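One structure below.
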Amino acid sequence: MCVAIPGTVIKLDGTKATVDFAGNIVNAEAGLVNVKVGDKVLVHAGCIIQTMDEKLANEMEELFNEIEGLTI
Amino acid sequence: MQTLEEIVKALKEYDGDEVRIMEVCGTHTAAISENGIPAMLSPKIKLISGPGCPVCVTVTAVIDKLVELSMREDTIVLTFGDLIRVKGTDKSLADAKADGAHVRMVYSPMESIKLAEEDPAHTYVFAAIGFETTTPVYAMLLEQADKKNLKNLKLLTSLKTMPEVIRWVVKNGGGIDGFIAPGHVAAVTGSGIFEELSKELGIPFVVSGFEGAQLLMTIYALVSMKGKTGMKNLYKDVVTYEGNLKAKEAVEKFFEPSDSSWRGMGTIPGSGMTLKKEYLQFDAGSIGLDTDNMPAGCQCANVLVGKLRPYECPLFGKVCTPDNAHGACMVSTEGSCYNYFVSGRK
Ligand code: SF4
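Top to bottom, those sequences are chains A and B. Sequence positions in the first sequence follow our numbering and run 1 to 72. Sequence positions in the second sequence follow our numbering and run 73 to 418.
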């Protein structure tokens, strides 16, 4: 139930956003975040709950940096 | 720097002390099963599913109240898909619907605004369950309902928060060496609360995303950090240290911390959220819904805190299957029993 899906804002009208999820176009409430068209966002239950930092998205190097020096 | 291959190999060959890692969040439980992660780990690394599936931890009194409301002439209950099939003391919302009660499934709570606006003759009650991820969505809903002065839209709340139940599981559960912190809860709360919990409890926390590689690296980090305090964030594209401040503000406007009842765990002080006094006109009767009449023989209570594996429940796969779910943990696609059943996870 806590699933949240990443998408891209393609239109904004006040706090109503239109979000593109890989071709699926859905309306989402944007009142919980500061967004602009083109932003990557995380949508949960019809609401954008967070914006995503595209620079860090799927950056394996970042992940490895975070666990640098740990061994088992 | 290591490579992913080295991490995968190390996790398979690990032969140190046993490490028990809890994934608190139901979405992680599902992602772990889908990615086949349990089979990739050494038998010395045990993954345990925790109490982070909102549908699974909702007590029967809440379902009973929703069923009662749905049977009123002038009331329509709106709910997310999973909750509809969870049995209350006698029946689920799906059973009530089959008997003619007013129950409707929606994808987003925000849909209830339009429904209530277009049909002033009925009171719409949203079954507002969820954790820190979902509570801001209800705050948004109330913001709009308040602005539009909607009198026929209410919430039946059973809202939970993570920190207190994590403390409870550490004290009363089956011995946990590290936590995979819930990613989408952390997107809202920030990773900071897990750093505080780590210091307080002396157990490591790693915030993780939902991809296989992220989860493997998270598990690797937690095995390495066993016995130590520390928090790492492996979901930085979404989770910041402070979280979503706007969402937290919206929640604080409408809700306040409260005690909350959890399936099989009883009432845990400070583990939930209820509407503030000044917004009680939006409440559909959520106070005091503590009774928890679990189905006879169901072990969800022990499963949710990691004392028992789903397949150790005598009813698992026999009386209780996804098509004929006995307990809540077999209903939700994020439930532990459901996931162990469909993936054959051990
Ligand atoms: S297998 Fe069914 S009856 Fe047993 S604990 Fe899980 S949900 Fe409850």
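Positions of the beta carbon are idealized from the N, C-alpha and C atoms, including for glycine. Since the model is a prediction, treat every value here as computed from it, not as a measurement.
query: Where does B/SER343 sit, in a helix, a strand or coil, going by DSSP?; result: strand
query: Against chain A, which members of the stretch 231-246 of chain B pass a CB distance test of less than 8 Å?; result: none
query: Whole angstroms is fine: what's the gap from B/PRO341's alpha carbon to B/GLU77's?; result: 44 Å
query: Could you work out which residues of chain A lie near B/VAL129, taking near to mean beta carbons separated by less than 9 Å?; result: Result: empty, since nearest Cβ-Cβ is about 11 Å, beyond 9 Å.
query: Indicate the three-state DSSP secondary structure (helix, strand or coil) for B/GLY255 in the structure shown.; result: helix
query: Assign B/THR75 to buried or exposed, taking buried as 16 or more other Cβ atoms, counted over all protein chains shown, within 10 Å of its Cβ.; result: exposed
query: Shorter than 6 Å, the distance from the beta carbon of B/GLY344 to the closest heavy atom of the ligand SF4, or not?; result: no
query: For B/PRO235, I'd like the list of residues in its chain whose CB is within less than 7 Å of its CB, leaving aside the five on either flank, ordered along the chain.; result: ILE265, LEU269
query: Could you check whether the Cβ of B/HIS256 sits closer than 7 Å to any Cβ belonging to chain A?; result: yes
query: So who's on the other strand from B/ILE275, going by DSSP bridges?; result: Bridge partners of B/ILE275: none, in fact.
query: Tell me, which residues are paired with A/ASP13 by DSSP?; result: A/LYS16
query: Assess contact between the stretch 195-205 of chain B and the stretch 222-235 of chain B, defined as three or more Cβ pairs (one per stretch) separated by less than 8 Å. Is contact present?; result: yes
query: By DSSP, does B/ARG144 sit in helix, in strand, or in coil?; result: coil
query: Measuring straight from C-alpha to C-alpha, what distance separates B/ILE120 and B/SER114?; result: 14 Å
query: According to DSSP, is B/MET212 part of a helix, a strand, or is it coil?; result: helix
query: Thinking B/ILE109 and B/LEU288 are a contact (beta carbons under 8 Å), I'd like their distance in whole angstroms, please.; result: 7 Å
query: Is the Cβ-Cβ distance between B/VAL127 and A/MET1 less than 7 Å?; result: yes
query: At a CB-CB cut-off below 9 Å, which residues of chain A make contact with B/SER18?; result: The question about residue 18 of chain B has no answer here: the residues shown for chain B are numbered 73 through 418.
query: For chain A, is any of its Cβ atoms less than 7 Å away from the one on B/VAL139?; result: no
query: List the whole-angstrom C-beta distance separating B/VAL197 from B/LYS226, where the pair is believed to meet the contact cut-off of C-beta under 8 Å.; result: 5 Å
query: Would you mind giving the Cβ-Cβ distance between B/SER404 and B/CYS125, rounded to the nearest angstrom? I have them listed as a contact below 8 Å.; result: 5 Å
query: Measure from the C-beta of A/GLY31 to each C-beta in chain B and report whether the shortest distance is under 7 Å.; result: yes
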